[in-house]
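*Asks:* In my numbering, the protein residues as written are 7 to 487.
From the three backbone atoms N, C-alpha and C, an ideal C-beta is built for every residue, glycine too.
A single structure is presented below for examination.
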């Protein structure tokens with residue numbers, strides 16, 4: 007995630023100023039804010055624009071939009087909500103490190119109104135009846151401030167509409183925030199493009215103790231399962247089948263004993279070959295050269311490529327040919343928090359709409375490096391932001407055409423006219439076909455092999471968690487003579 011310079015402020019001075027202001031405005035601890043809405047939000051760490059941009063970070067788009075951030079999304083939302091709805095809102099903002107950490111916090115009694123878990127945790131919360139559906143008005147694109155309904159990518163909307171729990175679509179209970187793929191960041195000086203195009207590079211003796219894998223059961227399992235089914239997934243008969251995508255979903259979400267046992271053996275072999283199972287150190291290890299390849303989420307891949315480039319190292323990103331995991335994080339309202347309060351629901355839905363305004367989606371993308379689910383609808387700012395980042399300079403001698411129409415239209419290129427495809431095509435440099443642009447907006451052929459890992463049932467969860475325990479903790483045979 008992009009690291010911004012922060013002003014060093016004395017906590018004591020800040021406290022004194024705050025206390026003085028309270029005395030002057032409210033009088034010795036009294037409060038006149040009985041009608042104030044308190045909105046409790048929990049989001050991933052470092053996953054929202056916090057402001058304090060340097061002047062040179064100002065973004066100017068072709069449509070005249072100028073984007074900068076002084077105070078950050080949270081404070082700006084509080085001001086915007088009052089100006090828009092005439093009501094005061096105070097956001098109590100906190101963070102979590104993993105989906106499981108968030109779920110455990112809720113299980114222990116922590117109460118939030120709005121949270122931003124990943125797809126499988128959204129499904130779990132839906133299955134356990136923890137969520138409040140978004141209002142019908144929220145999805146009405148004719149309402150002026152419904153920036154999510156007006157601007158969500160048609161492609162992402164289709165994904166949300168087609169994923170369901172108990173015959174209810176995820177889109178009823180979640181609004182998307184960021185999305186991406188799971189792949190491999192690699193150093194092309196040591197790893198060929200062909201090697202990085204397959205998950206089994208994690209097993210290659212050539213890279214013994216020079217690759218890392220995520221310390222995450224679901225991410226590791228996806229790679230292991232792809233390796234186990236590599237021959238099938240890459241066979242022409244399978245890839246050309248009419249039900250190719252449906253079968254791929256079934257295979258990569260399988261939790262039967264045979265598949266899990268086979269994946270356990272593969273991950274045990276990977277464990278012997280990798281430098282480490284890591285949660286966040288992989289980015290730094292790639293930049294420093296400690297490792298030459300790292301299983302990574304696309305947003306962190308962008309950060310890693312940016313940081314390495316500043317050190318003069320040009321890394322690449324691959325979405326393996328067998329399959330890649332399509333992941334997303336989305337905003338959900340919790341029953342225990344909203345508790346039937348219409349003002350809280352209004353504020354929660356307004357917050358989702360505020361972060362979905364194209365200029366705010368850009369602020370968040372710039373600040374954290376991930377890709378927003380917002381394409382902008384009739385507002386061209388998101389497309390122009392992608393062009394701002396990745397279009398080739400006029401003096402570039404070698405360029406390529408990079409179409410991303412599927413994201414903005416929700417349609418396959420075969421269904422679009424040449425004019426429509428050209429409208430959403432970025433003229434870029436050849437290296438961007440496997441670097442930041444590729445990581446942020448994968449081409450259509452990658453998306454056709456992108457699978458969402460579903461929420462596993464109780465038995466599947468138990469089997470896969472035991473497998474992970476065996477691999478990470480009880481895999482002792484490697485120490486035997």
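1. Indicate whether the contact test is met: 3 or more Cβ pairs, each with one atom in the region 428-444 and one in the region 406-414, closer than 8 Å.
2. Give the DSSP bridge partners of residue 324, in chain order.
3. Could you pull the start and end residues of the beta strand (DSSP E) that residue 49 belongs to?
4. Near residue 33, which residues of its chain fall below 6 Å by C-beta distance, leaving aside the five closest residues on each side in sequence?
5. Assign residue 451 to buried or exposed, taking buried as 16 or more other Cβ atoms, counted over all protein chains shown, within 10 Å of its Cβ.
6. Which whole-angstrom value is the C-beta distance of residue 144 and residue 355, which I expect to be below 8 Å?
7. How about the region 112-131 and the region 59-70: do they share at least three Cβ pairs that are nearer than 8 Å?
8. Comparing C-alpha positions only, which one of 343, 125, 55, 228 sits nearest to residue 362?
9. Quick one: is the Cβ of residue 331 within less than 7 Å of any heavy atom of the ligand FMN?
10. Could you spell out the range, first to last residue, of the alpha helix (DSSP H) harbouring residue 86?
11. With DSSP collapsed to three states, give me the class of residue 53.
12. Tell me which residue opens and which closes the alpha helix (DSSP H) that residue 209 is part of.
13. When the Cα atoms are used, what is the spatial distance from residue 148 to residue 401?
14. Whole angstroms are fine: how far does the CA of residue 111 sit from the CA of residue 271?
15. With a threshold of 7 Å on Cβ separation, who are the neighbours of residue 136 within its own chain once the five nearest residues in sequence on each side are excluded?
16. Can you confirm whether the region 193-208 touches the region 310-322 when touching is taken to mean that 3 or more C-beta pairs between the two stretches lie within less than 8 Å?
17. To the nearest angstrom, report how far apart residue 134 and residue 460 are at their CA atoms.
18. When the Cα of residue 264 is compared with those of 76, 470, 300, which residue comes out closest?
19. Taking the beta carbon of residue 474 as the centre, do at least 16 other beta carbons fall within 10 Å, making it buried, or is it exposed?
20. Across the region 67-78 and the region 360-377, are there enough close Cβ pairs to call them in contact, namely three or more that are closer than 8 Å?
21. Should residue 423 and residue 397 be called a contact, given that it needs their Cβ atoms to be closer than 8 Å?
22. Alpha carbon to alpha carbon, how far is residue 377 from residue 383? Give it in angstroms, no decimals.
23. Apply the 10 Å Cβ neighbour rule to residue 35 and answer buried if 16 or more other Cβ atoms are within range, or exposed otherwise.
24. In terms of alpha-carbon separation, which member of 125, 87, 161 lies closest to residue 419?
25. Are residue 154 and residue 181 closer than 8 Å when you measure CB to CB?
26. Could you tell me the alpha carbon to alpha carbon distance between residue 31 and residue 44, rounded to whole angstroms?
27. Just verifying my parser: in three-state terms, what is the DSSP assignment at residue 271?
28. Between which two residues does the beta strand (DSSP E) carrying residue 350 extend?
29. Please list the terminal residues of the continuous beta strand (DSSP E) segment that includes residue 247.
30. Would you tell me roughly how many angstroms separate the C-alpha atoms of residue 159 and residue 412, rounded to the nearest one?
31. List in chain order: all unbroken alpha helix (DSSP H) runs of 4+ residues lying wholly within the region 107-156.
32. Do residue 219 and residue 166 have their CB atoms nearer than 8 Å?
33. Let me know if residue 385 comes out buried or exposed under the rule of 16 or more other beta-carbons within 10 Å of its beta-carbon.
34. Here's the rule I'm using: 16 or more other beta-carbon atoms within 10 Å means buried, otherwise exposed. How should residue 388 be labelled?
35. Buried or exposed for residue 60, going by 16 or more other Cβ atoms inside 10 Å?
36. Quick one: complete alpha helix (DSSP H) runs, 4+ long, within the region 285-339?
*Replies:* With the given structure in hand:
1. yes
2. Residue 324 is bridged to 190.
3. 43-50
4. The predicted position of residue 33 is uncertain, since its pLDDT is 37 and thus under 50; a value taken from the coordinates is nonetheless stated next. In its own chain, leaving out the 5 sequence neighbours on each side, no residue places its CB closer than 6 Å to the CB of residue 33.
5. exposed
6. 5 Å
7. no
8. 55
9. The ligand FMN is absent from the structure shown, which contains no ligand whatsoever.
10. For residue 86, the enclosing alpha helix (DSSP H) has its first and last residue at 79-91.
11. coil
12. Segment: none, residue 209 is in no alpha helix (DSSP H) and carries neither H nor E.
13. 43 Å
14. 33 Å
15. 340, 341
16. Touching, yes.
17. Cα-Cα distance, rounded: 15 Å.
18. 470
19. buried
20. yes
21. no
22. 16 Å
23. Note on residue 35: pLDDT 35, under 50, position unreliable in the model; the coordinate value appears next. Per the 10 Å Cβ criterion, exposed.
24. Of all alpha-carbon atoms in 125, 87, 161, the one lying nearest the alpha-carbon of residue 419 is that of 161.
25. yes
26. Caution is warranted here: a pLDDT of 37 is assigned to residue 31, below 50, making its placement in the model unreliable, and no coordinate value can be reported.
27. helix
28. Taken as a continuous stretch (DSSP letters only), residue 350 belongs to no beta strand (DSSP E), being part of the alpha helix (DSSP H) at 348-362.
29. Note, residue 247: premise wrong, no beta strand (DSSP E); not H, not E.
30. 9 Å
31. 125-133
32. no
33. buried
34. Under the 10 Å beta carbon count, residue 388 is surrounded by 16 or more other beta carbons and is classified as buried.
35. Residue 60 counts as exposed, since fewer than 16 other C-beta atoms from the protein chains shown sit within 10 angstroms of its C-beta.
36. Listed in chain order, they are 287-294, 304-316.
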